[in-house]
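Participant: Just so you know, we're using this note's numbering here: the sequence shown kicks off at 985 and counts up by one.
All residues carry an ideal CB built from backbone N, CA and C; glycine is no exception.
Since this is a predicted model, take the numbers as computed values, not measurements.
This is the structure I want to talk about, given as structure tokens.
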Amino acid sequence: MTSQSVTSQIVTSQITDQADLTALYTISGVWGLIWYIILAIALWRTFSKAGWPGILAIIPIVNIFILVKVGGMSAWLGLLYIIPIVNFIFAIVVAVKVGKNFGHGGVFSFFLLFLLQPIGYLILGFGKSEYRQV
985 MTSQSVTSQI VTSQITDQAD LTALYTISGV WGLIWYIILA IALWRTFSKA
1035 GWPGILAIIP IVNIFILVKV GGMSAWLGLL YIIPIVNFIF AIVVAVKVGK
1085 NFGHGGVFSF FLLFLLQPIG YLILGFGKSE YRQV
């Protein structure tokens, strides 16, 4: 084998590896977009029930602050999402408070509003839950 054919194989291998990664990123990007669209639809309806304009659900950063307000807290607390580890704990707190304001318990809030957000917010938005500030 000549050095030129070895170099050719290495370059071909690198290009193939890049193509594999690009395909993986494209697939995950499509699933991420689908997840975001479903969540935006669910939050739109949830925000409308809580008395906020539903259009705010499609604006990426604003929807987090409005969700904190729906949970009955100051929107300034939404800045806690920037701090690592604190953001994880705060997301659970927001999910529980939003669930409580819609008349649901902690188990519903943790599993459906924190872990499986689109499903939980679709239930809140399109179900019989009514918003009442607790």
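Could you tell me the distance, in whole angstroms, from the CA atom of residue 1116 to the CA atom of residue 1086?
Facilitator: When rounded, the distance between both Cα atoms is 6 Å.
Participant: Going by beta carbon distance, what residues of the same chain come within less than 6 Å of residue 1028, once the five residues before and after it are set aside?
Facilitator: The answer, listed in chain order, is 1038 and 1041.
Participant: My guess is that residue 1080 and residue 1094 are in contact by the Cβ rule of under 8 Å, so how many angstroms apart are they, rounded?
Facilitator: With a Cβ gap of about 7 Å, residue 1080 and residue 1094 count as contacting.
Participant: Can you grab the Cα-Cα spacing for the pair residue 1118 / residue 1009, in whole Å?
Facilitator: Rounded to the nearest angstrom, the two C-alpha atoms are 42 Å apart.
Participant: So, under 8 Å CB-CB, residue 1054 and residue 1091 are touching, yes? Tell me the CB distance rounded to an integer number of Å.
Facilitator: Wrong, their Cβ atoms sit about 19 Å apart, outside the cutoff.
Participant: If you drop the 5 nearest sequence neighbours on each side, which residues of the same chain put their C-beta closer than 7 Å to that of residue 1049?
Facilitator: Same-chain partners within the cutoff: 1059 and 1062.
Participant: Going along the chain, which unbroken runs of the alpha helix (DSSP H) with 4 or more residues stay wholly within the segment 1023-1080?
Facilitator: Listed in chain order, they are 1046-1054.
Participant: Quick one: Cα of residue 1104 to Cα of residue 1070, how far?
Facilitator: Using only the alpha carbons, I get a separation of about 22 Å.
Participant: Less than 7 Å between the beta carbons of residue 1151 and residue 1026, yes or no?
Facilitator: For the chain, the structure presents residues 985 to 1118; residue 1151 sits outside this window and is missing.
Participant: Using DSSP with H/G/I as helix, E/B as strand and the rest coil, what is residue 1117?
Facilitator: In this structure, residue 1117 counts as coil in the three-state DSSP scheme.
Participant: Less than 7 Å between C-beta atoms, sequence neighbours within five positions excluded: which residues of the same chain meet that for residue 1056?
Facilitator: For residue 1056, where only same-chain residues beyond five positions count, the Cβ hits under 7 Å are 1081, 1085, 1117 and 1118.
Participant: Quick one, which of 1114, 1099, 1113 and 1112 has its alpha-carbon nearest residue 1019's?
Facilitator: That would be 1099, whose Cα lies nearest to the Cα of residue 1019.
Participant: Would a C-beta distance cut-off of 7 Å place residue 1022 and residue 1102 closer than the cut-off?
Facilitator: Yes, they are a contact pair.
Participant: Could you tell me if residue 1014 is buried or exposed, where buried requires 16 or more neighbouring beta carbons within 10 angstroms of its beta carbon?
Facilitator: Looking at its Cβ environment, which holds fewer than 16 other Cβ atoms inside 10 Å, residue 1014 is exposed.
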